[in-house]
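>
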Amino acid sequence: MHFELLQPLGWQPYFQQQLTLEEWERDRPARIVDYQRSVITVDTGEERIALPVSMSLPAMTVGDWVLLDADGRFLRCFTRSSLFARKAPGTAQRAQLVAANIDTVFIVCSLNQDYSLNRIERYLALAHEAGVEPVVVLSKADLCTDDVEARVAEVQALGAQLPVVAVNGLDASSVAALAPWCSAGRTVALMGSSGVGKSTLVNALVGAAVQRTAGIREDDDEGRHTTTSRSLHRIPGGGVLLDTPGMRELQLADCEQGVEDAFADIAALAQRCRFGDCSHRSEPGCAVLAAVEREEMDERRLANYHKLLREQAQNASSVAEKRAQARAQGKRNRYAMKIKNRRD
Ligand SMILES: Nc1nc2c(ncn2[C@@H]2O[C@H](COP(=O)(O)OP(=O)(O)OP(=O)(O)O)[C@@H](O)[C@H]2O)c(=O)[nH]1
Ligand SMILES: [Mg+2]
Ligand SMILES: [Zn+2]
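The numbers in full-length UniProt numbering rise by one with no breaks, and the one at position 132 of the sequence shown is 132.
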């Protein structure tokens with residue numbers, strides 16, 4: 001009976017299967033639509049409930065499904081169908097949950113100042129690691145001074161199966177090209193730098209000004225982001241959109257498979273390298289370097305592949321190191337306790 005209420009929030013059979021019949025009748029599933037430092041807002045389809053953030057709650061993020069009892073108390077978090085995580089900004093070596101239960105990610109990149117193939121590849125690695133279908137949305141097509149078709153082709157070359165759509169976010173008929181990914185029951189996250197037009201797309205797809213948007217700011221490095229937190233928005237009669245603040249620092253961590261998947265062409269060529277553990281840097285008989293030589297592989301792309309692999313390994317190893325340190329510390333503490341107990 002809650003089905004009609006939950007489907008507009010992105011409810012799917014995958015979550016339904018995690019409930020007993022008794023739970024389905026007695027308890028209430030709800031989705032996290034907003035997550036602030038001290039309060040989590042969940043939507044049951046009928047009402048929005050504020051849950052205070054406390055130590056007893058597991059690590060969760062916007063998009064997560066939770067089960068509440070009849071009194072609105074937290075029971076558990078559902079197993080996720082997908083999860084976006086990145087290295088927490090700054091020096092902290094921990095993963096930060098970005099979004100859960102996403103079906104498609106719109107990697108938004110504007111066709112004026114922001115356009116960068118390297119950055120698109122970075123987001124693609126993140127999407128592959130999360131297990132989410134990526135779509136590259138090239139915004140501000142109306143402001144593009146170059147040939148839009150040529151730009152689309154250039155991005156298309158990053159993956160044969162990769163959907164690439166150029167849009168003018170201020171024109172509803174242009175944004176309609178994104179509708180196929182936004183049907184009922186589906187959840188789409190919008191990611192990309194600040195000012196590329198993510199919130200503008202959300203407003204166009206929802207058909208109402210639900211998110212604030214803002215014109216060119218003098219300096220985006222000063223933290224002048226218009227959207228400051230992640231939030232979910234329903235499309236009337238359609239799916240759910242997750243708007244995110246532009247990420248100033250998107251560092252990959254523990255993302256090796258994601259990078260390999262985003263660079264499947266390099267992985268395919270590597271099958272023909274002379275050495276099984278070829279690093280495609282200077283080894284003789286390297287099929288990847290040979291492809292660069294023949295100009296069949298972009299030198300820029302290979303360099304970015306190396307860079308992203310190195311970056312994720314660095315961040316992953318420091319996370320792993322941190323975990324090992326914590327384990328050793330725990331062991332020392334337990335040992336100290338034992339000695340103390342013996343003495344007492
Ligand atoms: N001409 C044109 N302007 C656009 C387009 N998309 C967005 N804009 C403008 O670009 C500015 C920034 O758009 P936002 O939607 O606020 O950008 P955002 O990606 O949400 O930025 P953050 O919230 O800071 O991450 C606004 O002034 C929009 O009106 C487009 O396709 N064409
Ligand atoms: Mg925004
Ligand atoms: Zn090689």
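Backbone N, C-alpha and C define an ideal beta-carbon position, used for all residues, glycine too.
On a predicted model such as this, the values are computed, not experimentally measured, just so you know.
1. Are there any heavy atoms of ligand 1 lying less than 8 Å away from the beta-carbon of residue 225, as far as the coordinates show?
2. DSSP three-state label for residue 272, please.
3. In three-state terms, what does DSSP make of residue 226?
4. Can we count residue 199 as close to ligand 2, meaning its CB is less than 8 Å from some heavy atom?
5. If you reduce the DSSP assignment to three classes, tell me which class residue 51 lands in.
6. Across the stretch 115 to 123 and the stretch 50 to 69, are there enough close Cβ pairs to call them in contact, namely three or more that are closer than 8 Å?
7. Between which two residues does the alpha helix (DSSP H) holding residue 200 run?
8. For residue 80, which residues from the same chain have a beta carbon less than 6 Å from its beta carbon, with the 5 sequence-adjacent residues on both sides left out?
9. In whole angstroms, what is the alpha-carbon distance linking residue 53 and residue 71?
10. Nearest by alpha-carbon distance to residue 227: which of 238, 203 and 237 is it?
11. Measuring straight from C-alpha to C-alpha, what distance separates residue 223 and residue 196?
12. Using 8 Å as the threshold, is the stretch 204 to 215 in touch with the stretch 141 to 161, meaning 3 or more CB pairs across them?
13. Strictly by DSSP, which residues pair up with residue 67?
14. Using only the heavy atoms of ligand 1, determine whether one of them is closer than 8 Å to the beta carbon of residue 243.
15. Check each residue's C-beta against every heavy atom of ligand 3 and list, in chain order, those closer than 6 Å.
16. Is residue 200 buried or exposed, if buried means 16 or more other CB atoms sit within 10 Å of its CB?
17. Beta-carbon within less than 8 Å of residue 212's beta-carbon, same chain only, minus the 5 sequence neighbours each way: which residues are those?
18. Distance, Cα to Cα, residue 164 vs residue 31?
19. Using only the alpha-carbon positions, how far apart do residue 43 and residue 10 sit?
20. By a C-beta neighbour count over all protein chains shown, 10 Å radius and 16 as the cutoff for buried, is residue 89 buried or exposed?
Short version:
1. yes
2. coil
3. coil
4. yes
5. strand
6. no
7. 198 to 206
8. 100 and 101
9. 17 Å
10. 203
11. Caution is warranted here: a pLDDT of 48 is assigned to residue 223, below 50, making its placement in the model unreliable, and the coordinate value is therefore given only provisionally. Rounded to the nearest angstrom, the two C-alpha atoms are 15 Å apart.
12. no
13. 29 and 76
14. yes
15. 270, 273, 278, 280, 283, 286, 287 and 288
16. buried
17. 199, 226 and 227
18. 29 Å
19. 11 Å
20. exposed
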